Amino acid sequence: MRVGFIVLATAGFLVVGCGDTNRGSGVSYASGVSASLSANAGLSQAQVSTFHADVRSKWAVAYDPAVPPGCAPGGLGTGTQAPPIAERPCKAFVLERLKTSWLLRAVGTPGQLSLPESTPTDLGHPDRLSYLGSS
Numbered sequence: 010m011r012v013g014f015i016v017l018a019t020a021g022f023l024v025v026g027c028g029d030t031n032r033g034s035g036v037s038y039a040s041g042v043s044a045s046l047s048a049n050a051g052l053s054q055a056q057v058s059t060f061h062a063d064v065r066s067k068w069a070v071a072y073d074p075a076v077p078p079g080c081a082p083g084g085l086g087t088g089t090q091a092p093p094i095a096e097r098p099c100k101a102f103v104l105e106r107l108k109t110s111w112l113l114r115a116v117g118t119p120g121q122l123s124l125p126e127s128t129p130t131d132l133g134h135p136d137r138l139s140y141l142g143s144s
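Sequence positions in the sequence shown follow my numbering and run 10 to 144.
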């Protein structure tokens with residue numbers, strides 16, 4: 010009976026851990042986002058390492074904290090579920106993962122970007138942001 014409980018508990022942890030496919034995606038995804046920004050947006054690795062980002066399994070957004078000076082990262086669009094956009098938003102880079110590479114889908118000012126329909130509405134929520142350089 011004890012062995013059965015351990016097996017069920019382990020299976021439960023595995024299901025809970027794998028259930029949210031939109032959750033943060035780990036170091037490999039963040040490094041892929043960094044590499045894509047360096048290659049496709051003409052940015053240096055040093056510059057990209059200062060970006061705040063929300064990296065998920067299929068989507069990512071990274072904010073350049075220097076453009077414009079004094080900007081605040083977070084938020085992308087309007088809508089009832091979208092996080093609010095700062096009064097002075099940072100330049101945003103929206104990427105989509107296609108198999109093993111990240112495609113740059115949109116670049117610009119939050120609220121004025123033309124986002125793909127499948128972009129998560131809560132992408133770029135300030136509570137989900139972390140430095141790309143810390144990954």
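The beta-carbon is built from N, C-alpha and C at its ideal position, and this holds for glycine as well. These numbers were taken from a predicted model, which means no experiment stands behind them.
First and last residue of the uninterrupted beta strand (DSSP E) at residue i
i	result
A115	110-117
E105	100-107
CB contact flag (residue i, residue j, <8 Å)
i	j	result
T130	G88	yes
G142	S58	yes
L124	L85	yes
V42	A81	no
H61	P77	no
V64	A39	yes
A101	G133	yes
G83	A71	no
P135	P92	yes
DSSP bridge partner residues for residue i (one or two, in chain order)
i	result
S139	A62
Beta strand (DSSP E) segments (min. 3 residues) lying fully within the segment 36-96
61-64, 68-73
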